[in-house]
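Under the numbering used here, the first residue of the sequence shown carries the number 129, and numbering increases by one thereafter.
Every residue, glycine too, gets a C-beta built ideally from N, C-alpha and C.
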Amino acid sequence: LLGVYQAGVLDLYSRLEAHPSVAKLARSSRVAHSFYSQVHPTWSEYLRALAPAVGEASAGRLIGEASPVTFHFVWVHQEKFNTAYVEAMGGFWRECNGRSAAAKLALPHRECMRRRMPEARAAEAAVARR
129 LLGVYQAGVL
139 DLYSRLEAHP
149 SVAKLARSSR
159 VAHSFYSQVH
169 PTWSEYLRAL
179 APAVGEASAG
189 RLIGEASPVT
199 FHFVWVHQEK
209 FNTAYVEAMG
219 GFWRECNGRS
229 AAAKLALPHR
239 ECMRRRMPEA
249 RAAEAAVARR
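What follows is the structure, given as structure tokens:
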């Protein structure tokens, strides 16, 4: 479930979780099942937190994600999920921003960055294939 602050996402998730086709997540670790609303957990820590529900998922039940602040943190903390892309674009930003005034006039910063995006996407895709 995607949400914003105070939109009732966790309440809705708890109601959906009552359905027999939805895996029950441990109440004590519910916040661990909200990856995008946390600053510190890594992707592997998040997956480990979901591990207890794997048996239920194997039995055909759904595993949920209830993040009350998805639309805020997806962009603010995307480095958690798209590390190679973010690192590549950071380097490209420094390169595009470090050009001379004449070079920036000839090719605006936004266009300079747009031209480098395929390389950053390729870097992310290479990580995903591993």
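On the three-state DSSP scale, how would you describe residue i?
i      : result
Leu190 : strand
Measure the C-alpha to C-alpha separation of residue i and residue j and round it to an integer number of angstroms.
i      : j      : result
His147 : Leu178 : 18 Å
Trp221 : Arg227 : 10 Å
Trp171 : Lys232 : 38 Å
Glu239 : Ala229 : 15 Å
By Cβ distance, which residues of its chain are closer than 7 Å to residue i, with the 5 residues on each side in sequence left out?
i      : result
Ala216 : Glu247, Ala248, Ala251
His237 : Cys224, Asn225
Arg189 : Ser149, Val150, Ala151
In chain order, what residues of the same chain lie with their CB nearer than 8 Å to the CB of residue i, ignoring the 5 residues before and after it?
i      : result
Ala185 : Ala151, Ile191
Met241 : Met217, Phe220, Trp221, Cys224
Buried or exposed, going by whether 16 or more other CB atoms sit within 10 Å of the CB of residue i?
i      : result
Val137 : buried
Ala181 : buried
Met245 : exposed
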